[in-house]
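Okay, so here's the structure we're looking at.
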Amino acid sequence: MPQQALYLKWRPAAFDDVVGQEHIVRTLRNSLKSGRIRHAYLFSGPRGTGKTTMARLLAKAINCQQEDPNNRPCNQCTSCIAVNEGRYLDLIEIDAATHTGVDDVRDLRDKIAFAPGEGHYKVYIIDEVHRFTGNAFDALLKTLEEPPPHAVFVLATTEIDKVPATIKSRCLQFEFRRLSLYEAADRLQEIVEAEGLKYEREALEIVARYGTGSMRDSISLLDQIITDPDEAITVALAQQVLGSASNRATRALVDVLIKGEAASGLRLLNEAVDSGADPRQFGQQVVEYLRNVLLAQTAGIEMIEASQDEKAIYKQQAGQMQRPQLVRSIRAFNDAINSYRGGWQPQLTFELALIESLRPVEPEYAPSSAAPAQPVAQPAAIPQPVELPPGAPPVIPAATIQEQWNHVLSAMYRHNKSSPAVMQNFRVQRVDGSTVYLATENAMLYERIHPYPEKKKVVESALYDVFKVALRVQVVYHGNDASMGGAPGDSPSGDDPLLSQAMQRGGRIKQDKGES
């Protein structure tokens, strides 16, 4: 005989077993004590939160033969046992997904007039009631308006907005909520302890997190992990079975976003996928992690469900990441999850999300064409760069400045809101001593910066904000027009590491006059 699934085996048999819906349990128990049983109830909420289970508990309780209302359902009388075994004739369950027509509701209405055969009430549980057609709802409405005294209806739905207002107004409504991470993990812990299994608490929290507030889904995932009763439920096993990446990989990817290191981020993404992580689930982990960083930055770490050590990390990263980039990163990865279709390059969607997240932050608004040009703000005074002899080694390597260029662009925004949109088209060509050469292939942008010392000062101020070192900025036109550009030594070399290294040591490129 096949072994019973865990979510069926551990379905709550009494109100005390229900997790996370205390507000509904309290109201139903009080109605049992007072004897005020309504003729129609409407249970709504996400899937797997206990709507059908609560409906069965209510059906058992109102037909329970236990004299004390506080102990109903007792699970010991003949009525409770019959319900538990699925043979109680006065409990009728209807799946509205397969009985959608008006004829089905009319058949129900014809049979409802018969008195219950075993208990006090005949209980009709209509699951997914929103799947009824318009005519079926009209037929049901007539029954709800004039129900026989022995009939109780319990309607359950995951889409309350599709239930007509006329039906809602005739029911006592209850909204089921998603379970918190710790509520679901605590219930999983009760189950594995009762099953005599070895476990790691962190592994159960991973399972509960993937259950996304659904207790049924969480228990089903736990059942999926339990393949050998003698094998402990570890973090590594949970990650392997669920196809998730470690929290360490997610944290490392967020560190990459903070540092603006695209190459490292792409390597992390591909390593996670190559190690067996499902791209969509890894993307969901990234979104959840970034959301926690956003909560730590805006609302405080008290709203985050995590350990104290993890909260401290969220708080630290929240202080290192600018909010516009954080919001854009969440949107980029969330869009990647929603548009994910697999394919022959399953990680491509998330690689593009990573690149999008590292794009320099645009100004929040652009001036209209009719408005006068925005004057360049005068940056705060910074120390003068130290004069170094020609050929002196760079104060800061060009590669270091290029890696932190996104942070430099963000710092520019504090001095002048239009500068980042222009300077994002420049790249660090080389550093000679304390002079940074920034190159562009756009002649128009070069002309917008080259003749104006005050615009270079904005860049110098941003470099000082990031590196705390006074640097001088020169711009270079890196194009095909020989009439453009500055000094003779300003020809492109950034694409060739050997040329870049030679020019950082004082070398210059000599043009051959004989070339055509």
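Going by my numbering, the sequence shown opens with residue 965, and the numbers climb by one from there. Here a beta-carbon is modelled for each residue, glycine too, at the ideal position from N, C-alpha and C. Please read all numbers here as calculations on a predicted model, not as lab measurements.
Fully enclosed by the region 1363-1413, which beta strand (DSSP E) runs are 3 residues long or longer?
For the region 1363-1413, whole beta strand (DSSP E) runs of length 3 or above, ordered along the chain, are 1391-1396, 1399-1404.
With a threshold of 8 Å, are at least 3 pairs of Cβ atoms found where one atom belongs to the region 1173-1183 and the other to the region 1004-1015?
yes
I need the straight-line Cα distance from N1027 to Y1005, nearest angstrom please.
16 Å
Looking only at its chain, what residues have a beta carbon closer than 8 Å to the beta carbon of R975, apart from the 5 residues adjacent to it on each side?
T1017
Would you tell me roughly how many angstroms separate the C-alpha atoms of F1096 and P1112, rounded to the nearest one?
Rounded to the nearest angstrom, the two C-alpha atoms are 22 Å apart.
Tell me the rounded alpha-carbon separation between I1089 and E1154.
Answer to the nearest angstrom: the Cα atoms are 29 Å apart.
Cβ atoms of Q1438 and T1399: under 7 Å apart, would you say?
yes
For K1086, write down the residues that DSSP places opposite it in a beta bridge.
A1115
Using the beta-carbon count (16 or more within 10 Å), is L1221 buried or exposed?
buried
Out of curiosity, what's the CA-to-CA distance linking K1086 and Y1052?
10 Å
If you measure between the beta carbons of V1069 and L1021, is that distance less than 7 Å?
no
Tell me, please, which residues DSSP counts as bridged to F1138.
F1007
To the nearest whole angstrom, what separates the beta carbons of Q985 and F1140, a pair I think is in contact under 8 Å?
6 Å
Could you tell me which uninterrupted alpha helix (DSSP H) segments, each at least 4 residues in length, are contained entirely in the region 1193-1243, listed from first to last along the chain?
1199-1206, 1211-1223, 1226-1238
Check whether the region 1221-1237 touches the region 1302-1317, taking contact to mean three or more Cβ pairs, one atom from each stretch, closer than 8 Å.
yes
Does the beta carbon of R1412 fall short of 6 Å from some heavy atom of the ligand ATP?
With respect to the ligand ATP, the structure offers nothing, as it holds no ligand at all.
Between which two residues does the alpha helix (DSSP H) holding R1436 run?
Run containing R1436: none in the alpha helix (DSSP H); it sits in the beta strand (DSSP E), 1436-1441.
From what residue to what residue does the alpha helix (DSSP H) around L1055 run?
No alpha helix (DSSP H) contains L1055, which is instead part of the beta strand (DSSP E) from 1055-1059.
Here's a check: name, in chain order, each residue in its chain whose Cβ is nearer than 7 Å to the Cβ of D1445, leaving out the five neighbours to either side.
Because D1445 carries a pLDDT of 44, less than 50, the predicted location of this residue cannot be relied on, and the following value inherits that uncertainty. Counting only Cβ-Cβ distances below 7 Å, and skipping sequence neighbours, we find A1407.
Count the other C-beta atoms from every protein chain shown that fall within 10 angstroms of the C-beta of K1015, then say buried if there are 16 or more, exposed otherwise.
buried
Following the continuous alpha helix (DSSP H) through F1078, name the residue where it begins and the one where it ends.
Note, F1078: premise wrong, no alpha helix (DSSP H); not H, not E.
What is the DSSP secondary structure of Y1163, counted as helix, strand or coil?
strand
Just curious, the alpha helix (DSSP H) that A1295 is in, first and last residue?
Checking the sequence shown, residue 1295 turns out to be Arg, not Ala. First-last of the alpha helix (DSSP H) with R1295: 1287-1302.
Counting along the chain, where does the alpha helix (DSSP H) carrying L1021 start and finish?
1015-1027
So E1147 and V983 are supposed to be a Cβ contact under 8 Å. How far apart are they, rounded?
6 Å
Assess, as a yes-or-no matter, whether the region 1193-1203 is touched by the region 1225-1232 under the definition of 3 or more beta carbon pairs within less than 8 Å.
no
Assuming L1206 and Q1245 make a contact with CB atoms under 8 Å, what is their CB distance in whole Å?
At roughly 7 Å, the Cβ-Cβ gap stays under 8 Å, so L1206 and Q1245 are in contact.
Alpha carbon to alpha carbon, how far is A1385 from D1414? Give it in angstroms, no decimals.
The displayed chain sequence assigns His, not Asp, to residue 1414. So the alpha carbons of these two residues sit roughly 16 Å apart.
Is the separation between the beta-carbon of R1002 and that of L1136 shorter than 7 Å?
yes
For D1067, count neighbouring Cβ atoms within 10 angstroms of its own Cβ and tell me buried if that reaches 16, exposed if not.
exposed
Could you check how far apart the C-beta atoms of V1359 and Q1281 are, in whole angstroms? I think they sit under 8 Å.
In fact, because the Cβ distance is near 29 Å, the residues do not count as touching under 8 Å.
Might you give, ordered along the chain, the residues of its own chain that have their beta carbon closer than 8 Å to the beta carbon of S1447, omitting 5 neighbours on each side?
For S1447, the pLDDT reaches just 37, beneath the cut-off of 50, and the residue's location in the model is therefore unreliable, leaving the point undetermined.
Excluding the 5 residues preceding and the 5 following N1389 in the sequence, name in chain order all residues of the same chain whose CB lies nearer than 7 Å to its CB.
Taken in chain order, the residues that qualify are T1404, N1406, L1409.
Classify L1072 as buried or exposed, calling it buried when 16 or more other Cβ atoms lie within 10 Å of its own Cβ.
buried
For A1362, which of Q1393, R993, I1301, F1297 has the nearest alpha-carbon?
Q1393
Find out if the Cβ-Cβ distance for the pair K1024, C1044 is shorter than 7 Å.
yes
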